[in-house]
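Heads up, the thing below is written out as structure tokens.
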Amino acid sequence: MNREPDMLGSTDDSTPPPKPPWYRRIGLGGVVTALFAILKWKSILSFLQGIFFLLKFSKFGVATLSMVATIGVYAWFYGIWWAVGFVLLIAVHEYGHMFAAKRQNIPVTAPVFIPFLGALIGLKEQPKDAATESIIAYGGPVFGFLATVLVHAAAYVFQSPLLFSLAFTGYFLTLFNLIPASPLDGGRIAGAVSPYIWFLGIPLIVVLIWFTFSPILFLVLLAAVHRAWEFWKHRNDAYYHTNPGFRFKMGIGYLVLMLLSGILTYEAHLTAEALRPR
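Here you go:
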């Protein structure tokens with residue numbers, strides 16, 4: 001017995017209409033969504049493949065990763081802009097070593113940045129003598145010093161406490177690296193003037209350890225003592241026989257750079273303190 005339809009036009013025993021095929025259920029919107037997802041996924045894959053290619057085939061892949069990681073670590077403690085500026089100063093310092101090594105026809109690796117240790121490059125060939133080693137060592141502090149001078153000048157133009165802080169840090173970094181104890185740059189420079197100067201730099205590191213209790217300085221001390229001991233055992237080797245004229249010029253350049261770095265470190269520190277909010 002058929003029943004009359006109700007007001008909505010439906011009956012009690014009506015059955016739901018059959019579902020349309022799946023390709024009709026998806027509709028135009030589903031097709032567009034699927035295509036968008038595929039294109040987006042391809043873009044992500046292309047981006048990841050590009051990063052992989054960069055890191056795998058570019059010799060600067062590790063340098064870039066370590067640099068970004070180091071910026072991240074410093075930014076956690078000191079803020080992003082200070083971290084970027086400081087790591088860039090380190091990068092310029094390392095480029096100075098790379099530039100000097102290239103001038104001496106010695107291939108090097110790209111720099112690797114290590115938080116709270118700085119950065120380092122690897123020489124693919126050992127220098128033929130102490131003079132060549134000192135030139136490569138001198139390039140880093142010179143480039144770093146000149147870059148810091150630019151930061152210092154910008155700090156005066158903009159009266160920026162941040163830039164004054166970076167200038168102080170850059171000068172201090174140069175000054176610290178000039179301590180005459182290998183493996184620091186100053187030790188390698190002093191090695192061409194007279195390796196006996198190392199026996200003055202080692203006590204200076206001991207004094208710094210006494211006041212700072214820095215484990216990093218302790219590692220530097222161990223390396224410096226080892227290098228000095230190796231020199232003492234082989235002090236008559238031709239490696240340390242340097243032309244007197246070169247010794248004089250390198251010695252003057254070393255002292256001038258150390259003196260300027262010391263004066264400007266103090267000046268930048270005073271200015272930064274004066275501009276610091278009270």
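240 is the number that our numbering gives to position 240 of the sequence shown; each next residue is one higher, with no gaps. From the three backbone atoms N, C-alpha and C, an ideal C-beta is built for every residue, glycine too.
Which of helix, strand or coil DSSP assigns to residue i
i, result
"residue 106", "coil"
"residue 221", "helix"
"residue 116", "coil"
"residue 128", "coil"
"residue 226", "helix"
"residue 79", "coil"
"residue 93", "helix"
"residue 215", "helix"
"residue 1", "Since pLDDT at residue 1 reaches only 45, below the 50 mark, its modelled position is unreliable, and no value is offered."
"residue 22", "Confidence at residue 22 is low in this model, with a pLDDT of 46, below 50, so the placement of that residue should be treated as unreliable; the coordinate-derived value is given next. Helix."
"residue 13", "The pLDDT assigned to residue 13 is 49, lower than 50, so where the model puts this residue is not dependable; a value taken from the coordinates is nonetheless given after this. Here residue 13 sits in coil by DSSP."
Proximity winner among the options, relative to residue i (alpha-carbon distances)
i, options, result
"residue 194", "157, 153 and 243", "243"
"residue 118", "149, 70 and 248", "70"
"residue 120", "180, 104, 184 and 68", "184"
"residue 72", "196, 115, 106 and 245", "115"
"residue 168", "274, 273 and 268", "268"
"residue 61", "134, 233, 232 and 109", "109"
"residue 94", "105, 245 and 113", "113"
"residue 202", "212, 172 and 187", "187"
"residue 246", "256, 126, 235 and 132", "132"
"residue 111", "277, 198 and 87", "87"
"residue 89", "208, 107, 151 and 273", "151"
"residue 149", "249, 129 and 170", "170"
"residue 253", "128, 126, 178 and 65", "178"
"residue 104", "92, 125 and 91", "125"
"residue 266", "212, 250 and 173", "173"
"residue 189", "249, 212 and 233", "249"
"residue 271", "191, 64, 166 and 67", "166"
"residue 237", "210, 191 and 122", "191"
Bounding residues of the alpha helix (DSSP H) (the contiguous stretch that carries residue i)
i, result
"residue 259", "244 to 275"
"residue 121", "Segment: none, residue 121 is in no alpha helix (DSSP H) and carries neither H nor E."
Between the segment 154 to 166 and the segment 75 to 83, can you find at least three pairs of beta-carbon atoms closer than 8 Å? yes
4 or more residues per run - each alpha helix (DSSP H) lying fully within the segment 137 to 213: 161 to 177, 185 to 193 and 198 to 212
So does the segment 141 to 150 actually touch the segment 212 to 228, counting three or more Cβ pairs closer than 8 Å? no
Quick check: the segment 224 to 237 against the segment 251 to 267, are there 3 or more CB pairs under 8 Å? no
Given 8 Å, three or more beta-carbon pairs between the segment 147 to 158 and the segment 128 to 138: no
Tell me, please, whether the segment 204 to 218 touches the segment 95 to 102 by the rule of three or more beta-carbon pairs shorter than 8 Å. no
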